[in-house]
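Quick note, the sequence shown lines up with residues 186 to 248 if you use my numbering. Since the structure comes first, as structure tokens, the remarks are kept for the end.
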Amino acid sequence: MGIDISDDINLVPQLDESNFETNTKGVYLAGVVCGGMNTGKYFIENSINHAVNIFDHIQSTKE
186 MGIDISDDIN LVPQLDESNF ETNTKGVYLA GVVCGGMNTG KYFIENSINH
236 AVNIFDHIQS TKE
């Protein structure tokens with residue numbers, strides 16, 4: 186899909202943390218995958234906002 190990832194051990198995908206869009210326009214990530222191999226970074230409690238941010242961003246680009 187062409188999503189860039191970090192060169193370190195965590196292999197974190199490149200994304201805009203305000204809307205979770207990756208460097209590939211129109212491709213979004215949410216939840217634990219946003220942390221790459223650092224799977225303990227995101228949990229339900231701290232990633233519940235991902236979907237809201239994604240949908241808000243998609244809606245704002247359609248207007």
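Glycine residues also receive a C-beta, built at the ideal position from the N, C-alpha and C atoms.
Here the alpha carbons of E202 and N208 stand approximately 11 Å from one another. Contact between I190 and V197 holds, since their C-beta atoms are separated by about 6 Å, short of 8 Å. Under the three-state reduction of DSSP, E230 is assigned to helix.
Note on geometry: alpha-carbon atoms of N195 and S245 lie some 31 Å from one another.
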